[in-house]
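Chemist: In our numbering, the protein residues as written are 264 to 403. Beta carbons: idealized from backbone N, C-alpha and C, even for Gly. First, the structure itself, so that you have it in front of you.
Here's what the structure looks like:
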């Protein structure tokens with residue numbers, strides 16, 4: 264079931280690893296905000312554990328990772344493990360950055376819903392998130 268348009272989709276944008284270049288992450292964060300989503304930006308040099316904790320605390324619908332360092336094959340499986348430990352398997356995870364085509368099937372098998380390479384259109388990213396993010400039930 265797709266998100267209702269009255270609900271602001273909450274997206275955590277994170278820069279994992281040692282990569283210090285965050286211009287793309289900030290551009291995507293602004294574009295998603297302009298598309299009506301609520302954005303939480305974690306900043307640079309986040310560990311998978313830090314990202315999972317922030318996602319849990321912020322009750323996000325989606326995690327958007329930006330990885331340019333080539334560490335995606337180590338970071339993504341660990342993040343997905345951290346999310347499973349927190350019972351957050353239903354949080355949509357998307358990835359942007361420099362990801363070689365041969366690596367994409369393993370990332371998707373690990374749980375990444377989509378990979379957006381440089382040059383991806385903001386409207387495409389926003390529509391994918393809008394279509395695939397699902398709000399978890401409210402718990403007291």
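Applying the criterion that 16 or more other CB atoms from any shown protein chain within 10 Å of the CB defines a buried residue, is residue 305 buried or exposed?
Modeler: Working through the chain shown from its first residue, we reach residue 305 at position 42. Taking a 10 Å sphere around the C-beta of residue 305, we find 16 or more other C-beta atoms and assign the residue as buried.
Chemist: Which residue from 362, 312, 352 puts its Cα closest to that of residue 397?
Modeler: One-based indexing of the chain shown puts residue 397 at position 134. Of the candidates 362, 312, 352, the one whose C-alpha sits nearest the C-alpha of residue 397 is 352.
Chemist: Looking at C-alpha atoms only, which residue of 392, 325, 312, 394 is the closest neighbour of residue 280?
Modeler: Numbered from 1 along the chain shown, position 17 holds the residue referred to as residue 280. With distances taken between Cα atoms, residue 280 lies closest to 312.
Chemist: CA-CA distance, residue 388 and residue 379?
Modeler: As a working note, residue 388 is residue 125 in the chain shown. As a working note, residue 379 is residue 116 in the chain shown. If I take the Cα positions, the gap works out to 7 Å.
Chemist: By how many angstroms is the C-alpha of residue 392 removed from the C-alpha of residue 382?
Modeler: For this step, residue 382 is matched to residue 119 along the chain shown. For this step, residue 392 is matched to residue 129 along the chain shown. Distance between the alpha carbons of residue 382 and residue 392 is about 17 Å.
Chemist: Which term fits residue 403, buried or exposed, when burial requires 16 or more other beta carbons within 10 angstroms of its beta carbon?
Modeler: Within the chain shown, the letter at position 140 stands for residue 403. For residue 403, the predicted model reports a pLDDT of 37, less than 50, meaning its position is unreliable and no value from the coordinates is stated.
Chemist: Suppose only complete runs of 3+ residues qualify. What are the beta strand (DSSP E) ranges in the region 279-334, listed by chain order?
Modeler: 301-304, 325-330
Chemist: Taking the alpha carbon of residue 333 as the reference point, which residue from 283, 370, 362 has its own alpha carbon closest?
Modeler: For the purposes of this step, residue 333 is taken as residue 70 along the chain shown, with counting starting at 1. Of the listed residues, the one whose Cα sits closest to residue 333 is 362.
Chemist: Out of curiosity, what's the CA-to-CA distance linking residue 323 and residue 286?
Modeler: By one-based count along the chain shown, residue 323 stands at place 60. By one-based count along the chain shown, residue 286 stands at place 23. Using only the alpha carbons, I get a separation of about 22 Å.
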